[in-house]
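Have a look at the structure below before the remarks.
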Amino acid sequence: MTASVGPKDYFFKGGNFTFEFVFFISSAADVNEQRDLFDAMVRSADSQFRLRRDETRPFSLVVDRWELDAGRRTTEMNEEFVRRVSEAHAVVVLLADQIRPGTKEEIEAVLKGSTVQVSVIWMDRPEDSRKYRALRKYLSDRGSDLAYVKTGPPGSQESICAMVDVITAALADLTHTKRREALFSEAR
356 MTASVGPKDY
366 FFKGGNFTFE
376 FVFFISSAAD
386 VNEQRDLFDA
396 MVRSADSQFR
406 LRRDETRPFS
416 LVVDRWELDA
426 GRRTTEMNEE
436 FVRRVSEAHA
446 VVVLLADQIR
456 PGTKEEIEAV
466 LKGSTVQVSV
476 IWMDRPEDSR
486 KYRALRKYLS
496 DRGSDLAYVK
506 TGPPGSQESI
516 CAMVDVITAA
526 LADLTHTKRR
536 EALFSEAR
């Protein structure tokens with residue numbers, strides 16, 4: 356393809372074929388810094404794999420965040436997020452003080468038979484544990500369908516390591532031939 360722009364003609368080179376592995380971050384605003392950290396870790400891992408890519412394993416890692424949406428008028432904003440959660444490869448739920456209705460709706464959508472992996476990281480603040488009865492009850496009620504990792508408070512070494520575990524588990528699947536094929540199959 357040739358495009359004329361000014362005095363020179365520029366050729367647009369066809370890009371390399373890659374699969375996108377999408378992490379959707381679901382959380383309330385009480386963990387903004389942790390969302391930013393998870394996003395930065397995914398971008399860093401993606402950059403390293405892109406720079407050193409094995410052509411037989413063409414993938415990129417992408418984070419989808421609800422706060423990236425442009426503001427607009429809508430009656431059911433969370434319907435859009437539920438749709439995107441269902442199309443992601445992994446939903447990463449970051450919890451600290453609360454679980455909001457939108458986050459619950461996104462988790463429930465994935466648990467209804469989707470093939471999307473759900474990783475819940477509860478960054479507990481033990482000093483305020485009485486405050487979190489609703490959150491604890493929600494996670495307990497879904498114990499048969501939903502395993503979660505309970506760590507120290509947001510920003511703790513435990514919580515950061517739990518986020519790294521989610522990313523490295525995805526990378527392990529992406530670099531394992533049979534698991535990678537299942538992740539990107541038409542049946543998914």
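Taking the numbering used here, the leading residue of the sequence shown gets 356, the next gets one more, and so forth.
Ideal placement from N, C-alpha and C gives every residue a C-beta, glycine not left out.
Residues that DSSP places opposite V447 in a beta bridge: The residue labelled residue 447 in the question sits at position 92 within the sequence shown. DSSP output for V447 lists I380 and S474 as bridge partner(s).
Backbone CA spacing between F378 and E482 [nearest angstrom]: As a working note, residue 378 is residue 23 in the sequence shown. As a working note, residue 482 is residue 127 in the sequence shown. If you take the alpha carbons of F378 and E482, they lie about 31 Å apart.
Cβ shell of R408 (< 7 Å), same chain only, five flanking positions each side left out: By 1-based counting over the sequence shown, the position of residue 408 is 53. Counting only Cβ-Cβ distances below 7 Å, and skipping sequence neighbours, we find nothing.
Cβ separation of S382 and T458, assumed to be a contact under 8 Å, to the nearest whole Å: Translated into positions along the sequence shown, residue 382 becomes position 27. Translated into positions along the sequence shown, residue 458 becomes position 103. At roughly 6 Å, the Cβ-Cβ gap stays under 8 Å, so S382 and T458 are in contact.
Given D419 as reference, the closest of T411, K505 and E435 once Cα atoms are compared: Stepping through the sequence shown from its first residue, residue 419 is reached at position 64. Measuring from the Cα of D419, the nearest candidate turns out to be E435.
Those residues which DSSP pairs with K505 across a bridge: On the sequence shown, position 150 is the one that residue 505 refers to. According to DSSP, which records beta bridges pairwise, K505 is partnered with W477.
Inter-residue Cα distance where the pair is A451 and A489: Stepping through the sequence shown from its first residue, residue 451 is reached at position 96. Stepping through the sequence shown from its first residue, residue 489 is reached at position 134. If you take the alpha carbons of A451 and A489, they lie about 12 Å apart.
For V440 and A464, believed in contact at Cβ under 8 Å, the rounded distance: Working through the sequence shown from its first residue, we reach residue 464 at position 109. Working through the sequence shown from its first residue, we reach residue 440 at position 85. Between V440 and A464 the Cβ distance is about 6 Å, and since that is below 8 Å, they are a contact.
Cβ neighbour criterion (16 or more within 10 Å) applied to F414: In the sequence shown, the residue the question calls residue 414 occupies position 59. F414 comes out buried.
Inter-residue Cα distance where the pair is V456 and M432: Taking the first residue of the sequence shown as position 1, residue 456 is located at position 101. Taking the first residue of the sequence shown as position 1, residue 432 is located at position 77. Per the sequence shown, the amino acid found at residue 456 is Pro instead of Val. C-alpha separation (whole angstroms): 12 Å.
Candidates Q389, D520, D394 and F374: closest to M478 by CA position: Taking the first residue of the sequence shown as 1, we reach residue 478 at position 123. Among Q389, D520, D394 and F374, the Cα nearest to that of M478 belongs to Q389.
Proximal residues to D310 (C-beta, below 7 Å), its chain only, five neighbours per side dropped: As displayed, the chain neither begins before 356 nor continues past 543, which places residue 310 out of reach and without an answer.
Rounded C-alpha distance that separates V437 from I515: On the sequence shown, position 82 is the one that residue 437 refers to. On the sequence shown, position 160 is the one that residue 515 refers to. Approximately 26 Å, taken between the alpha carbons.
Complete beta strand (DSSP E) runs within the stretch 376 to 442 (minimum length 3 residues, chain order): 414 to 420
D520 - containing alpha helix (DSSP H), residue span: Against the sequence shown, residue 520 aligns to sequence position 165. Residues Q512 to L529.
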